[in-house]
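Below is one structure, written out as structure tokens; the observations come after it.
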Amino acid sequence: MNSISCFSLTAALAFASLFFDHNTAAAQERKSFLPEDHTSYVDPFIGTTKSAVLTKWGGNGGTYPGAAAPSGAVQLSPETRVTGARGYDYTDHQIYYFSCIKHYSGFPEGSSGHVFIMPVRAGKVFEAGISSRHFRHGDEAAQPGYYKVVFEDDHTIAEASASLRTGMFRFSFPAGVTPKLFVGEAGEISFSGKRTLHARIANTVINFSEDLLERKQVKGGYLLTFRTRAARKNATKVIILTISTSTIDYTAAQRNIDTEIGTSTFDQLRKRTSADWQKQLSVVDVSDPDQQNKTVFYTALYHSLLIPWIISDSDGQYRGADGKVYHTSGKNQYGGFSPWDTFRTLHPLLSLLYPEKQQDVILSMLDIYKQSGHLPTESMTGNHAVPIIVDAYFKGIKGYDQNVAYAAMKKNLLEAPYVQKDMEIYHRMGYVPFSNAESVTRTVEYAYNDWALGQYAKLAMHDDTVYNLEQQRGLNYRNLFHPQNLFMLPRKLNDFKLEPGMTGYKEGNKWVYSWFVPHNAKDLVNLMGGNAAFSARLDSAMSNDVVLYDNETVLHLPYLFNTAGYPGLTQKWIRDILINRFKATPAGLPGNDDLGAMSSAYLFNAMGIFPLSPGRPLYAIGAPLFQSVKLHLAGQKTFTIDAAG
């Protein structure tokens, strides 16, 4: 086993220079690559059903097989379930409808969306959410930017493709079948002529390739009928449907269609989007004879590029958090943020491989701050837009006003009114007491956020006052550490809850959150009894499934063995996770993918490096899975990771 556990400072500086010395304000330059089709390794069905391995904190992968472009705002995907965990599940054999937007890939219901479209069999009673059509998986296909299914009853074919802001369906109705479509779950619907539909949700505009013959309002939407083909009795009737949305109005949505689709045919759009995916995926070249592992790898990269998605229109306009219309600060404006899910691995991956996108993401976050008064936090705990920005800054992504970024991060962590309502008591007591919800999770995450801001304060802004304050607050996890039990426990004054269950934790328990000190891991090792005791305890917890690799909260755990001086255990566990918990099957993800968080962790693990503490520009060393991985980086730089033997 390799005895190296992390980059030395000298090596790290050389590594950082190789990776990140570039001008991210300019467009990324990429080399011309060999014509290997990376998209052929992508299987969008991976993660579309319940995991095949034991999980505790979310059993379904939550991915969807439908058509989407990289960072695309429109995603056209089938839904096979309308109750429970709605969306698509590979074990099902019926489709209720296709949904078109807001697919939060990897969330428990991440394969479900809004604005429903469905080809309806004529002569059958249709009711949205009740009526469905059967299919066989042998008659189904999914590739990056393309989805196809054939319905068993009358052999109607539904195909979908998408661009950044638009989508296109091609419905092929066999001879003798009356072309009928349902459009619904889209708010108030109106018609602008015989070929255009407007729906209130997301200012949706739908164009049809020919005139409507009949429209009938039904529960939840409209049934639309088109003419059957009369010229040739045995000819297939094809209806093309194009769709776009806008944060501004219908005119902007129509402009998206005119700009991104125009006169393009379905096959031309599909080919163009496939080429876009090829360009994105070819940033990494993997050399290895194991085709299954390459399939898992490139599918993980595909899943890591679905979100955040673009919210600006083709002309660069978008509606901001304050309801006003703005022009994007960078190339594209992004939305769909969930920093708690993505700060650990997804954003470090974007910083490494796609710095132009990551810079636009940061500009978008800062725009949210300017428009709303705070950085995005979404519904989870912590203030993790802070380490996202700090991590990107130390990796050379600086194409934004650093003073604005500093003010925004301080506003989230230091200045009232706080985004998180328990920040005041956290500052006063040095921890969140158990009289407040999720007290342990919030304390350890706030401490990490404080540390990250302190790094920026000192190294970017040279503000020793804030640095000293935040470095001290970065140690606040110690206030919940119970030395007799060796756990981070819910506390109020001198009272600790020794058997808290899940009380005090977010998607976890004491076994999960007692390890969350990524910024000061050596201190955690010492608190838990030193190198040998720490490593034995963590190894036992993982060996006995007390701690499962199934959620973002534990992605860093295998690398803590490095910190304790046991790199062999890091390498053992990383290899075990890569081989046994990820598979090239619909059940092949070890829990919710959470906007690509689990997938991007797999990518780092497979490459042999890992961002243990985002906000510190160092990588822990793991166990590379492939013979060779070549990263084609910005500025026409290449970094190769060879694992001989």
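Here my numbering is used: the sequence shown runs in plain steps of one and ends on residue 703. For each residue, glycine too, the CB sits at the ideal point set by N, CA and C.
Item	Value
Count the other C-beta atoms from every protein chain shown that fall within 10 angstroms of the C-beta of I104, then say buried if there are 16 or more, exposed otherwise.	buried
Looking at the unbroken alpha helix (DSSP H) that takes in K564, where does it start and where does it end?	Unbroken run through K564: none, as it is neither H nor E.
Which same chain residues end up closer than 7 Å to R228 when comparing Cβ atoms and leaving out the 5 residues on each side of it in sequence?	E217, V296, I298 and F324
With distances taken Cα to Cα, identify the nearest neighbour of G532 among F492, H192, A591 and G488.	G488
If you draw a straight line from the alpha carbon of L364 to that of L408, how long is it in whole angstroms?	12 Å
Let me know the alpha helix (DSSP H) ranges lying completely inside the region 531-585, each 4 residues or longer, listed in chain order.	568-571 and 579-585
Less than 8 Å between the beta carbons of E496 and K564, yes or no?	yes
Hey, out of N650, Q478 and R377, whose CA is closest to T501's CA?	Q478
For T499, which option in M560, Y154, P682 and L551 has the closest C-alpha, if you only look at C-alpha atoms?	M560
DSSP three-state call for Q36: helix, strand or coil?	What the structure shows of the chain is the stretch from 59 to 703, and residue 36 is not part of that stretch, so it cannot be assessed.
Using the C-alpha atoms, what's the distance from Y607 back to V263?	42 Å
Could you compute how far the alpha carbon of A220 sits from the alpha carbon of G440?	34 Å
Where S230 and V173 are concerned, what is the direct C-alpha to C-alpha distance, given to the nearest angstrom?	21 Å
Roughly how many angstroms separate the alpha carbons of L511 and S396, rounded to a whole number?	19 Å
I need the straight-line Cα distance from M656 to T353, nearest angstrom please.	15 Å
For H172, which beta-bridge partners are listed by DSSP?	I159
Would you mind reading off the limits of the beta strand (DSSP E) that contains Q391?	It is not in any beta strand (DSSP E) - Q391 carries neither H nor E in the DSSP assignment.
Between A463 and I483, which are expected to be in contact by the criterion C-beta below 8 Å, what is the C-beta distance as a whole number of angstroms?	Contact flag wrong, Cβ pair sits at about 27 Å.
Going by Cα to Cα distance, which pick from S250, T214, A244 and A257 is closest to K6?	Residue 6 is absent from the structure shown; the chain starts at 59 and stops at 703.
Cutting at 6 Å between CB atoms, please list the residues of its own chain near D380, excluding the five before and the five after it.	Q429
Buried or exposed: D418, going by 16 or more other Cβ atoms within 10 Å of its Cβ?	buried
For D101, tell me which candidate among R330, K277 and Y122 has the shortest Cα-Cα distance.	Y122
Which residue from P434, H540, G562 and L661 puts its Cα closest to that of N552?	H540
Can you grab the Cα-Cα spacing for the pair P347 / Y356, in whole Å?	14 Å
Please name the residue, chosen from L691, V687 and P434, that lies closest to D700 on a Cα-to-Cα basis.	V687
I'd like to check one pair, L691 with A358: are the Cβ atoms closer than 8 Å?	no
Using only CA atoms, which one of G649, I368, A702 and S248 lies nearest to Q275?	S248
Any idea if L92 is buried or exposed, counting beta-carbon neighbours within 10 angstroms, 16 or more meaning buried?	Note that L92 has pLDDT 44, beneath the 50 cutoff, so the model's placement of it is unreliable and the number below is only indicative. With fewer than 16 Cβ atoms within 10 Å of its Cβ, L92 is classed as exposed.
Can you tell me which of A681, Y525 and G120 puts its alpha carbon nearest to the alpha carbon of G145?	G120
Kindly indicate which three-state DSSP category R330 falls into: helix, strand or coil?	helix
Does DSSP put A664 in a helix, a strand or coil?	helix
Determine, using beta carbons only, whether L339 and T97 come nearer to each other than 8 Å.	yes
Please confirm if the region 202-210 is in contact with the region 254-269, defined as three or more CB-CB distances below 8 Å between the two stretches.	no
Which runs of the beta strand (DSSP E) spanning at least 3 residues fall entirely within the region 592-627, listed in chain order?	none
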